Amino acid sequence: MIPRSFEYFSPTTLDEAIGLLQKLGPEAKLLSGGQSLIPMMKLRLVSPEYIVDINRIPNLDYISETDGHLRIGALTREHELESSDVVKTRFPILSDTAKVIADPLVRSQATVCGNLAHGDPANDHPATMLALGATVVATGPKGAREIPIADFFPGLFTTALEPEEILTEIRIPFPPPRSGGAYLKLERKVGDFATAGVAVQITLDDAGACKNAGIGLTNVGMTPIKAKQAEAFLKGKQLDDATIQQAAELAASESQPMDDIRGSADYKRDLVRVLTARALTTAVGRAKGGA
Amino acid sequence: MAKTPIKVTVNGVEQSSEIEPRLLLVHYLRETLRLTGTHIGCDTSHCGACTVVMDGRAVKSCTVFAVQADGRSITTVEGLEQDGKLHPLQDGFFQEHGLQCGYCTPGMLMTGIVFLKENNNPTDDEIRHAISGNLCRCTGYVNIVKAYQYAAQKMREGGAENGAKNIA
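Each protein sequence line maps, in turn, to chains A and B.
If you're matching positions, the first sequence starts at 1020 in my numbering and goes up one per residue.
If you're matching positions, the second sequence starts at 41 in my numbering and goes up one per residue.
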């Protein structure tokens, strides 16, 4: 399969890349890992006139810890996230997620930021970042601005990025003590999109009650879904089995799945219930110091 | 459409070519350079038959544009044998009957050399996860896992020089 012809640009600075986006307009598409974009171009689902390859811009490939935040640069590959020590020890939810994205070969090329910027509700990081309360940094002609992840996905394959902006960094607050998270995904086979996926991040207070909960849902709606009712329900409660089951039912009711080749809407809604309960149980165990 | 000049080091040899930006790396390797050891399986990023090593990372060459390889180093299956001697992983596939039809083998090998460089003492489970992006439809995975273990042992015994050199 051969994509339609395009003109190729390979800027070596961020300013140059943003200048190209301004000059070329909405027919320009950014290429980072390309593991979603190139297959779509081969299938001719998209045929951009211009490709702006950002892979030659230095200093965009990092996982760093500053000001109480984990920062992930635009060119950080999924494989790097998966093998990062700070991610493994402080953000098990991110390790869970990176491990189930596509397959190891795709992950050696695919970028974490690209997984968000693609705006696909079937991608896995949007749910995780919703659960973690991440912030996205968009850099454009007027400089950098921060966008809360909850405002980043206005519609199907649409993000809050302006056409001349680049998603340059993801910022995730370090979880306070007694926090835990998990991401669970059911897929038909390695490399498939989720039939459904659930990301959960919780923090407990001194008495063991839920101080804060973040829940994100994958591929059960037109956008990634933040299960706000389930989150609010959990606040202040002891996370016993009955409470977890009720929260899981709320999360299921907040999902908006459709019938497709991966299953019926009813099946997927029930799957959200089951995965939410399991993810919450794992998250509580991790918050209490278990693996 | 205008052609773009690229310089790519393939199996240690620098190649200069003029290509269309839409040319995929796998087509560049097979059709421009006539290195047909890299196979096209599914052409949709699923099967891993087209796996090559680019600057130390195993990637699916059907999902990379050749122009992205400009200035970079590529190793294909043709680059594994050194001075008439098989790479330990090639030897492993031979010793353990790791192939029947051989179609997936170049991809299995290229995934394996990067994996074993990072982890030369893997569990079977780790190997199975490592090759989860490479599909085999005939031998099955049991002998492929054995081939990886054979190579891992040879590489542990032989030290770093055994098998890892000249890999991009």
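By construction, the Cβ of each residue, glycine as well, lies at the ideal position given by its N, Cα and C atoms.
Keep in mind it's a predicted model, so treat the numbers as computed, not measured.
7 Å Cβ cut-off: residues of chain A touching residue i
| i | result |
| --- | --- |
| B/T151 | L1124 |
| B/V53 | In chain order: nothing, as chain A lies at least about 23 Å away. |
Spatial distance of residue i from residue j (CA atoms)
| i | j | result |
| --- | --- | --- |
| B/L73 | B/Q108 | 16 Å |
| A/D1289 | A/L1203 | 14 Å |
| B/T151 | B/T145 | 10 Å |
| A/L1149 | A/P1167 | 9 Å |
| B/T44 | B/L65 | 14 Å |
| A/T1147 | A/L1113 | 7 Å |
| A/D1115 | A/K1042 | 40 Å |
| B/G96 | B/T115 | 9 Å |
| A/T1187 | B/H137 | 47 Å |
| B/H79 | B/G147 | 8 Å |
| B/V92 | A/F1110 | 31 Å |
| A/I1011 | A/V1106 | Nothing about residue 1011 of chain A can be read from this structure; chain A reaches only from 1020 to 1310. |
| A/L1294 | A/K1245 | 15 Å |
| A/R1190 | A/G1235 | 17 Å |
| B/V185 | B/L175 | 13 Å |
| B/D110 | A/L1039 | 20 Å |
| A/A1169 | A/G1233 | 11 Å |
| A/R1311 | B/G88 | Residue 1311 of chain A is absent from the structure shown; chain A starts at 1020 and stops at 1310. |
| A/D1143 | A/F1212 | 8 Å |
| A/P1192 | A/D1279 | 36 Å |
| B/G180 | B/F155 | 19 Å |
| A/F1252 | B/G77 | 58 Å |
Per-residue contacts from residue i into chain B (C-beta, under 8 Å)
| i | result |
| --- | --- |
| A/Y1081 | What A/Y1081 touches in chain B: nothing, since even the nearest Cβ is about 17 Å away. |
| A/G1053 | T103, V104, F105, Q108 |
| A/S1024 | M41, E60, P61, R62 |
Distance CB(residue i)-CB(residue j) smaller than 7 Å
| i | j | result |
| --- | --- | --- |
| A/D1122 | A/G1210 | yes |
| B/P128 | B/A191 | yes |
| A/F1176 | A/G1138 | yes |
| A/L1100 | A/V1131 | yes |
| A/A1047 | A/V1065 | no |
| A/E1240 | A/V1219 | Checking the sequence shown, residue 1240 of chain A turns out to be Gly, not Glu. No, Cβ-Cβ distance for A/G1240 and A/V1219 is not below 7 Å. |
| A/P1067 | A/P1182 | no |
| A/P1243 | A/F1172 | yes |
| A/N1231 | A/A1141 | no |
| B/M195 | B/N159 | no |
| A/T1178 | A/S1198 | no |
| A/Q1128 | B/V182 | no |
| B/T49 | B/S101 | no |
| A/L1258 | A/C1229 | yes |
| B/Q140 | B/C178 | yes |
| A/T1095 | A/I1076 | no |
Residue burial classification, residue i (beta-carbon count within 10 angstroms, cutoff 16)
| i | result |
| --- | --- |
| A/D1285 | exposed |
| A/P1145 | buried |
| A/E1250 | buried |
| B/F134 | exposed |
| A/T1031 | exposed |
| A/R1023 | exposed |
| A/T1108 | exposed |
| B/C90 | buried |
| B/H67 | buried |
| B/G119 | buried |
| B/N51 | buried |
| B/V53 | exposed |
| B/P61 | buried |
Helix, strand or coil at residue i according to DSSP, with G and I counted as helix
| i | result |
| --- | --- |
| A/F1212 | coil |
| A/Q1265 | helix |
| B/Q189 | helix |
| A/F1172 | coil |
| A/F1193 | coil |
| A/M1060 | helix |
| A/M1241 | coil |
| A/K1307 | coil |
| B/N161 | coil |
| A/N1078 | coil |
| B/C176 | coil |
| B/T76 | coil |
| B/Y181 | coil |
| B/F155 | helix |
| B/H169 | helix |
| A/M1020 | coil |
8 Å Cβ cut-off: residues of chain A touching residue i
| i | result |
| --- | --- |
| B/G173 | A1121, D1122, P1123, L1124, V1125, V1209, G1210 |
| B/V50 | Simply none; closest approach about 18 Å. |
Within chain B, partners of residue i - CB distance below 9 Å
| i | result |
| --- | --- |
| A/N1134 | Result: empty, since nearest Cβ-Cβ is about 15 Å, beyond 9 Å. |
| A/N1185 | A small fix is needed here, since residue 1185 of chain A is Ile in this sequence, not Asn. Correct list: empty, because the minimum Cβ distance to chain B is about 18 Å. |
Residues that residue i contacts on chain A, provided the C-beta gap is smaller than 9 Å
| i | result |
| --- | --- |
| B/P162 | Under the 9 Å cutoff, chain A gives no residues; its nearest Cβ is about 13 Å from B/P162. |
| B/A106 | What B/A106 touches in chain A: nothing, since even the nearest Cβ is about 10 Å away. |
Contacts that residue i makes with chain B (C-beta to C-beta distance below 7 Å)
| i | result |
| --- | --- |
| A/D1072 | Q108 |
| A/Y1027 | T44, P61, V107 |
Residue-level contact to chain C via CB, residue i, 7 Å cutoff
| i | result |
| --- | --- |
| A/Q1128 | No chain C appears in this structure, whose protein chains are A and B. |
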